[in-house]
Each structure stands twice: as C-alpha cells, then as structure tokens.
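All remarks here apply to the structure that follows.
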Amino acid sequence: MSIWSRLGRLLQVDDSILSEEFTLLAIRDGEQADDSQDKEDKEGAESEKREEESPQAEDAQEVQPEEAQADKPKHKDSPYVKPKTLKELREERAVASEKKSERASERASERAEAKHPPEKLFSDLDQNRKYVETLFHLPVNADVIIRDFTVAAADVPYRAFAVFMEGLSDKTIINMNVLEPLMMLGRVTHPPNVGDRITTVKDQLLPGNQVMEYDKWKDVKNNILAGSTVVFLEGMNQALAVETKGWEHRAVSDTKTETVVRGPHDAFTENLRSNTGLVRARLRTEQLITEMMPVGEMAPTDVAVMYIEGITNPALVQEVKRRIKDIKVDFMQDSGLLEQYIEDPPVGFIPRMMATERPDRVAAFLSEGFVAVFVGLSPYVLILPTTIWSLVHTAEDAYLRYPFGSLIRMIRFLALVVALLMPAVYIAVTNYHPEMIPTDLMLTIAAAREKVPFPAVLEVLLMEFSIELIREAGIRIPNVIGPTIGIVGALILGQAAVQAGVISPLLVIIVAVTALASFTLPNYNLSFAIRTLRFLFILTAAMWGFYGITLGVLILLMHWTNIKSVGVPMLAPFSPYSQANSDIVLRGTVYRQEKRLGALRPQNQQRQVPFVRKWDPRVHDSEEARRAGKRKGNLSSLLKAKPGKKSKDREDSEGGEHDD
Amino acid sequence: MIRTGHLGRIELFSLLVIASVANVFLSYPQQLVLFSGPAGWMIPLVSCAAVLVVWWLIQPIFRRLDSMTSLQLMKMTMGTLGSAAVLLVTTIYLMLDGASTMRMFTETVITTVLPRSPISFVAVPFAIVTVYFAYMGPEALSRVAWFLFPLLMGGLLLLLVLNGNWMNIDYLLPLLGKGPMALVKGGGIVTGVFVNVPILLALAAHLRNAPDASRIGFWSILVVGLIYSIVTLCLVLVFPPEAAMRAPFPLYQLGRLIYVGRFVQRLEAAFVFIWVAMAVIKISAHLWVSAYLLAEMCKMPVYRPLVFPLVMIIYSLSFLPRSFPQTLDLYNRYLMSWAWVLVIALPLLGVLWMRWRLRKRKGGRPDEQAPKAS
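Residue numbers (numbering that gives the first Met the number 0), protein chains in the order written: chain A, 0 to 659; chain B, 0 to 373.
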C-alpha cells in the first residue's frame, strides 16, 4: 500500500473497516472451530459471484498485487452488484440452511463423540495412534511427541509407538530405558516367553523402575500428562506407562520469607514430590500418610493431604478432604487459591490457615495433630487448622532456649499491637488527649507540628500511603535497583518531606516504627490483615479518639472470637479456654510441654512422658515427681492387697508409666 | 428457642463478673460513701454475704436443669401467665438498667475524652457495637469477656495501685462510719448490683453441665463483692469522705490523680478502654438476656430479630432524662434503690416457689412432663 493510498484512506469514511476489527462476539459454542472454514466458504462464494458478475473486475484484480487486494475493501472492487431475484435468494437460502444443518449434525456427532469417548484401548495400533492424535490435538499441539518404532523381537518384529510430553519427561530416561531396550535389545536371547507381548516387554525389555499396565484411556492420558512415557504395542489393547517424569524445577534452596538464624534453612520448592519428601525425611514414621487427590476439571492439579494416623483427629482429616473434593474448578493454580476455596466463613482479614515454606514447621505441626496440604507445584504448604497465636510464632521460637524464645515472641506480639494501633494512638493523643503526653514532649510535638499545614490524620494517611508505595515498589522493581528504592523512599523522601514542612519529624518516627513492626510479623497474610486494619483504626481514631479505638478493638475481638479454622476457634486455647502447654504467648520449657493442643481433639493427647528429666536432682521434689510417686504408691498398695494379680499388675503399671 | 453452642465455665464466670462490676466506674462508690461514710467499703461485703445466702437457697434448682432450661421449669411451675409476668418485669428492669448505664457511660466518655462531641455522636457507635455483641450470642460474648477479663482486672488494679502515693490510712476512721445500721441498710440496697444472679439463672442452661452454675454463682458473687469493696476502700483511702461524696465518677477522679514521675501522669484517657469495654459487655449482656427472655415469652424460635428493636428502645430510653444530673438522680432514686427487688428478691421467691411446687409433685419427675428442650 503506497503512502498516497494510506493518506487517502485517512481522509475517507469507510464503514467496512468496522467489519475487519477483531471481535470475540461471534465466537459462541461450537462456532470457533468452523470459523475459518466459514470464512473460506464465504470468500469462495464471493469470488465465484464476482467471477460470474464482473469478469472485467476479475482481470483487474489479477493484475493487482495480493497485498493491495487484501487491503482494499471488497465493495470497491465491484461497485455495481446486480440485484438478485426472489428465486435466486430462496435457492441460496435453501443451500445455506442445508449446509448449516449438515455442519450442525457434524458438530453434534463430534460432541457426542467427545462426551462418550472410548473407555478402553483398541487392539489395533493405528486406531490407538489415531485416537492419541485426536485426544491431544495433534499435529496442532506441539508438546506431545509420538515416536513410532519397531520392537526388535527375536521371532517377528512388530510395530509400536511411544507417547510422551515434551518438557515434562526426561529424554535421557526415554532414550536409554525405553527406546534403546525396545529397539535394540529385543533380539538378545531371553528366557522363553511365558505371556503375551505386553508381559514380555514389561518383564524383560523395559528396565524402568515403575512400569504399569493400563487398558483405559483415562489412565493413559493422566500418565502422559504427568510426564510418564506410554508405550503402545501392535495387537495389544493395553499400554505400558514407564515413569519418566523429569521436568525442570528449582532445586531445594534457602527460605525466602521465613528465615531463621538457628534451625534448618531448606525450603519447599516447586515440586510436589520433593516437598513431601522433605517432610518425610524429617518425620520418619510409617504412620505418616499422604493422600493424593486431583483438583481441577480441565487440568487436574495434584493435591496431597498429609497427616499422622493415630494422632490426627480423623474427623479433621475427613473435613479437609471433603472440602478439597468439593472444589469443582477448571484449574487450581496454587495453594493461595486452594486456601480461599476451603477457608471457613465468615469473611474477614485474618488468614484461616497457615502457609509455610519450611518443611521443619510442617513436620512439627503434623506431629502435633495438624493436617498439611500440598498443592501441585506450589512452594507453600498449608497447615490447618491454625490459630491466631501460631500465626505470630516462628520456627525459631522452638529452637532457641526458652527465655530467648519467649523474649522474641513477646517482641512479636508487641509488634502486632504496634503495627495495628500506633498511628491511631498518635492521632488520638495529638488530637484528643494531649494531657497524656508529658508537658515537655507535648511542647516539642506542638512546635514540630506548628509548620505543618495538614491535620494529623491527613499527615498519617499520607505517610502510610507513601510507605505502602515503597513496599509495593520494592517488591515489583528489579532486584538490581531494589535497595536504591529503599534508600530513596525511606531517607530522601522522609527527610525532604520534613524539610518541606509537609509532615512533622515525630510522625516519621511513628510511621517508621509501625512499618518495622509490621515487617516483624512472620506470616505474610497476617501482615496484610494488620496493614489493612491499621487504616480502619486510623479513621476511627480520627473520629472518636481513644473511644473509637476501644470500640474498634472490641469489634475486632468479637470477630476474632467468632472465626474458626476448620472448626477450631482461632483464639483457642485461650478463648474458649482449654488446657494447653505454655506455648501461646510465651514459650515455656520444652520438657514440660507434655500435651498436644486440646482444641484439635487429637487421638493421642500426650506428646511426651510427664516425668521426662528423671536425672535432674531438682525434679525429685517437683509436682510431677510427687504425682508419679503417688501413682506408684497407689499401685504398690494395690499389689499388696491382691497378691494373686501381682505379676500382671506390675506389668500394667510399668507399661502405664511408659505410656504416660 | 433453638439452642446453639455451649458456654465455658470460666468464660461465663468472666461475663458475670464484668457485667456486675461495670457499674463500679459510675457513681456506685460515691453512693456507698454516702450511705456509710468511711465504712462504705464494708457495704459490698455485707451485700455479698447476703447474696451468698440467697444463692445458697437458689442453687439447688440447678440440679434440675440438666434436662430443661430454667425458663421451661418456671413455665411448668408458675404457669404461662405467671412466668410471662416475671419475664416481662425482669426484661423491663434490664432494659431500664441498660438504658441508664448507656446514658451514664456516654456522659462519662464525653466528660473524660470527647468534651466537644454531641452525645448522639458518642452513643450511636456505642449502640452499634452492643447490637453486634448481643447479636453474636452469649457464647461469643462470654469468650470476649474471658479474653478481656485479665486485661480489665489488671488495668483496674493498676489504676488503684498507681494512686498508692496519695493514700492515707487515717481517712478510714471512724471505722464503722455512720454505724452498723447504716451498713446493714446500705448492704441490703446494694445487693442490686449483683445482676450476675438473674443473668446466671437465664444462662445456666447453656452450660455443658448445668449444675456447674452453682459454683460459678458462688465465685462470681464473691469476686464482685470484693471488687466493689476494694475500689471503695481505695477511694476512701485517697479522698476523705467529704471529698469522696462529691465525686460522681470516683474512678475517673482516681485516674486524674495518677502522677508517678514525669512520664506516668494523667492516665484517665488510657483507662477509657477499661470502662468502655466493661460497659459494652454489660449492656450487651442485658440486651441479649432481654431479647432471650422476650423471645422465650413469645415462643419465638430465635432471639436475634428482637435485638434491633430492643436496642432502639434502650437508646431512646437513655435520652429521656434531660441532663446527666437528672439521669443520675433517677438512677439513684429508683433503679439503685429498688434493684434488689428484681435482682435478688424476685429470683429468690421464684426459685423457692419452683422448689416448693416441684417437691409437691408426688414422684413426678419434672423432665417427664416438661416440653423437650429444643
């Protein structure tokens, strides 16, 4: 198209341009596939029409280059269209409706075929190959590879083909352990065949560690999609699935969001089996169960539910499985999505389950009777149920000695309160209750705020918004300039804002401490909740001062009291009160934490013997020792009273002591 | 009435104590000093002893509550009309008490922290929060009460302890104040603060084990009596009786006095949290019990629809007095003086009547004839 014609086109009104625009409106059920065909038909019919109606125009068209033909609107080529007679129109409509009904019947038969696909494999190899092509949309779909070959059998070679998914399967395994043995080692003398071809191949030719026989298309399809290689043999209505999974994934690396100084540093990765393995490597018990259940109607994602048989409450496991099974969705992308599908009502900001990237935390929670849910290739594992207390805990609390574990935990709880309320309290104090501040400090604040033209609430909101911007930008920007943004945001912006008289210097301290406090919270979702709630508290404080903050805290408490995580109140074991170890706000001595969390109703509540440090001389005077002594005394008196049962009772008492 | 959930023992105990103790932030300590001068702190102990005796007479009824609620038992023994009359009177009292408490607390908030705000600006959010609390039901209410219990009691204790430097033991003399008769009379009247008794009678059926209500009642009465007594004692130790009689919000006055070094001073605003939290819990409990009793009386399956109209009534009633002094006057003259009739005397007579009627039934087990607890 020349420059002149382009310019000319700008100056003319051309309604046909509208019809050339891309639109999705025409695509309806079943029409998409036929779209190109329809277009071709239409174009064919139009060209025929043009041929009949204006041969001169056709000659002219032939002379024009193709590009120009495409650009030029159709009605420009044939300015005069002969009106059709009624008979012609009727004939055309009849032909069109006939074609339409033919296409509709074709589509209906295709749909019926799609609805009722063959359940079992065919005996004919060509038929199987054809169905594989149909199933995986070959040759359009470039990811599915079909490798035809001949099995070099000792007697008569026969045809076969292998199907695998490019990128999901390990090519070395396929070459060395599937194709090479079948194509080259078949001629080597084997022990006499005892079964059919499939048994011979499975038992003698395929050295893979997992080879399974399948005769249903559903199993074959799932195995191919999971990365296995499926081998079809001539004349067999069964196929062999060889385990050749080997897609690229990140190796186990350091934790990203739950870093500790003392304790393991490995984190989950984007591989389900590696993740379950990391937990199993720590919890080496045959009672650790992993139940797999695919979620997703169109593209199933493997979801693994892990728990310890004999400890975890079966009702809890059932409920988790029920909620997961009830999810009917095309595709489950990540644990973050699954979490939203299965969380308890009512809606609220606080997360109802813990997402962790630490295998040691998952192992610890499993041993306490919790359930872990692994989702496909997500590096975060869900632990449920959870409590608000445990959202503030970290793995390191347990690894440190109890005074320091308690200290850092208290700092975190304080940080939660600071992150939630500090800007609101600042507004309340400066606006409504200045008498609370010591006089000297009040004068300093007043002097600093004298030049600031905004009310305190606007100041706080401006700064909070800026901090949120810095935080969000820090996540999105490339790593190379990430630290620079921190410096620019925190130092230059803050300093400049104070010098410009937009905010007071004290507010910079308030906002900085609040931001630090919210970074202290170990759970990402909880941190989000607190950040959001902070804005609500700022507004209530601006309107009602301390009174507003108090009412806000009461509403929040009432909400927190009512929310549950898989049926367990999130403020348990404090409210509702139930007996628990000293591991809620403070971290008590580890050797006195004898019971599992009662709110979970575990099958076995005792996690260690009550009298665990028998060698400690101080323990002999302790309450545990007295109780243990009392039990022993009772038992011995019982033994004296019933000498006939002596040996049996002694065994029981010894066993009971161990069980305790 | 559809029953959902169960109350924990310690949670219910906290709810009862907070609901009864909330008035200590209002003019009660002042009234006690007015009754008996420097011996005002002994009045709650006398009341406590009296209520414990009453409770001792009431508590055997809880053994009957395993299979039915106290209200069903009441209907069975008093008849529909008799029980409806008792429920209606109790509901009216609770609503009046709730309304006066709401007015006094909002006035206190205005006096202490929001002096330039119109009263409706303070009362409306208060009413909304109480509706939310009452709507969520006694289980959630009791859990919040238990969660706040250590904080509120700790804060109250701190408020008293931080005034230690102003206390003077000489202010306690004469020890018996206006004499033993004034103590006894005051003790009788002040039994009206023990609203934990009627609330417990209504809520006992929600416990997992109804007979536990007996122990909860004893302990809550004891703790409530002690708290009133200790607060009044501190007030008398800090202010001489003449000054204490002129303090309409004694705890607010105590909060204003706090001065420990340069950085711990004038903490009355910080204590807003304590008294507002207590007031919300108290009025929500009143609101819930009123709605529950009315729903039971009208044979409604659920109480929740009643919460909204009842709070509107309480809100409107709270604005009936023209001023805060008038509210205080009406409260002291009628509600405080006659509360004992509804809080102690009516439950006592009712329960004694029920026990007598039940004993009269020859070998008839009450649960056989009673409608099944839904």
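Note that the Cβ used here is the ideal one computed from N, Cα and C, for glycine as well.
- Cβ atoms of A/A489 and A/I469 come within 8 Å of each other, at about 7 Å.
- Three or more beta-carbon pairs drawn from the segment 556-570 of chain A and the segment 379-395 of chain A are found closer than 8 Å, and the two stretches are therefore classed as touching.
- When secondary structure is reduced to three states using DSSP, B/P149 falls in the helix class.
- Residue pairing from DSSP places A/S168 in a beta bridge opposite A/K244.
- Your pair A/I323 and A/V346 does not check out as a contact, with CB atoms roughly 20 Å apart and the cut at 8 Å.
- Contact between A/L461 and A/I502 is confirmed by a C-beta separation of about 7 Å, below the 8 Å threshold.
- Look at A/F373: its C-beta is not under 8 Å from any C-beta on chain B.
- Between A/L315 and A/L599, the beta carbon gap of about 7 Å places them in contact (Cβ cut-off 8 Å).
- In the DSSP assignment, A/L232 is bridged to A/A159.
- In the three-state reduction of the DSSP assignment, A/S465 falls in the helix class.
- Rounded to the nearest angstrom, the gap between the Cα atoms of B/V143 and A/S574 is 8 Å.
- Any Cβ of chain B closer than 8 Å to the Cβ of A/M557 would place that residue at the interface, and such an atom is present.
- Counting along the chain, A/R146 sits inside the beta strand (DSSP E) bounded by residues 143-150.
- Apart from the 5 residues on each side of it in sequence, A/L10 has no Cβ closer than 6 Å to any other Cβ in its chain.
- By the CB criterion at 8 Å, B/I215 and B/L199 fall inside the cutoff.
- Following the DSSP letters along the chain, one finds A/P313 in no beta strand (DSSP E) but inside the alpha helix (DSSP H) bounded by residues 313-324.
- With 16 or more other Cβ atoms inside 10 Å of its own Cβ, A/I341 counts as buried.
- Within the segment 346-385 of chain A, the beta strand (DSSP E) runs of at least 3 residues that lie entirely inside it are, in chain order, 353-355, 370-374, 380-383.
- Burial check for B/F61: the Cβ neighbour count within 10 Å reaches 16 or more, so the residue is buried.
- Under the three-state reduction of DSSP output, A/T258 falls in the coil class, being neither helix nor strand.
- In its chain, beyond the 5 residues on either side, Y590 have a beta carbon closer than 6 Å to the beta carbon of A/V611.
- Residue-level contact check: B/M277 does not touch chain A, since none of the beta carbons of chain A fall below 8 Å from its beta carbon.
- Contiguous alpha helix (DSSP H) elements confined to the segment 486-519 of chain A occur at 493-498, 504-519, taking only those with 4 or more residues.
- The segment 148-158 of chain A and the segment 168-177 of chain A do not touch, with fewer than three beta-carbon pairs separated by less than 8 Å.
- Within the segment 412-443 of chain A, contact with chain B at the beta-carbon level (separation under 7 Å) is assigned to Y431, H432, E434, M435, P437.
- Note that the segment 240-259 of chain B touches the segment 18-25 of chain B; at least 3 beta-carbon pairs, one per stretch, sit closer than 8 Å.
- Within the DSSP bridge table, the entry for A/F330 names A/A298 as partners.
- Taken through DSSP and simplified to helix, strand or coil, A/D202 comes out as helix.
- The C-beta of A/T560 comes closer than 8 Å to at least one C-beta of chain B.
- Here A/P293 is bridged, per DSSP, to A/D301.
- It is roughly 15 Å from the alpha-carbon of A/F348 to the alpha-carbon of A/L520.
- Note that the C-beta distance between B/S99 and B/L345 is not below 8 Å.
- Setting aside the 5 residues that flank it on each side, B/M73 is surrounded in the same chain by S82, each with a C-beta closer than 6 Å to its C-beta; the list follows chain order.
- Within chain A, the C-beta atoms nearer than 7 Å to that of B/M135 come from M557, N561, in chain order.
- For A/Y546, at least one C-beta of chain B is nearer than 8 Å to its own C-beta.
- Every alpha helix (DSSP H) stretch that sits fully inside the segment 122-189 of chain B and reaches 4 residues is listed by chain position as 179-189.
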